[in-house]
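In this note's numbering, the protein residues as written are 2 to 200.
Worksheet: the structure to be examined is printed underneath.
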């Protein structure tokens, strides 16, 4: 059974943000950024909505027709980038979601510091599957067309895994840990992962 996928547009923005909120609300990194569960419920969707806005403006969102999963992709060119808008994203995450919480901004700054710059690549900013549908292979099905295109076109891919479980999934799809984890202060690690195109 194939997964019907379409490109999300601005009218899908809130639905995709809700999906990310539900899928990541108990994720180790989200729990570190917003330790209090009640507060997390109140602001987490706003925080992740910034990622949706970035993908709609600068990349694309592959979205299951039934709304069960979404993948946010950015095509990142080679070279160091001093784009003002890009530099402001961590600050925007904090300002929009929780201005008094420096962790909102810190997570973006720390991952940005280790993001590879030597080669053009597809960056999987986030992927979310409806919690009720996890374990059905939807995430793999959603990523497969992009990974196949990467292999065909000789383009690498990059992501940061936020849990051991997701890291194992990505390893099965050809990503490899770069060797240096992003260590959130007094928090969980994140694993930068690089996928070389397969011949």
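For glycine and all other residues, C-beta sits at the position ideal for the given N, C-alpha and C.
Just so we're clear, the structure is a prediction, and the values are computed from it rather than from any experiment.
In the DSSP assignment, residue 73 falls outside any alpha helix (DSSP H) and lies within the beta strand (DSSP E) extending over 70-77.
The beta-bridge partner set that DSSP reports for residue 161 consists of 193.
Taken in chain order, the unbroken stretches of alpha helix (DSSP H) that lie wholly in the region 19-65 and span 4 residues or more are 29-34, 38-59. Per the DSSP secondary-structure output, residue 127 pairs in a beta bridge with 73.
Exclusion of the five residues before and after residue 28 leaves 163 as the residues of its chain whose Cβ lies within less than 6 Å of its Cβ.
One thing to note: residue 154 has its Cβ no nearer than 8 Å to the Cβ of residue 199.
Here residue 183 is bridged, per DSSP, to 191.
In the DSSP annotation of this structure, the continuous segment of the beta strand (DSSP E) that includes residue 7 starts and ends at 6-8.
Excluding its 5 nearest sequence neighbours in each direction, residue 122 has C-beta neighbours in its own chain below 7 Å: 77, 156, 157, 158, 159, listed in chain order.
Within the same chain, and ignoring the five residues on either side of residue 4 in sequence, the residues whose Cβ sits closer than 7 Å to its Cβ are 65, 139, 142, 143. The beta carbon of residue 176 sits closer than 6 Å to the beta carbons of 194, 196 from its chain, once the five residues preceding and following it are set aside; these are given in chain order.
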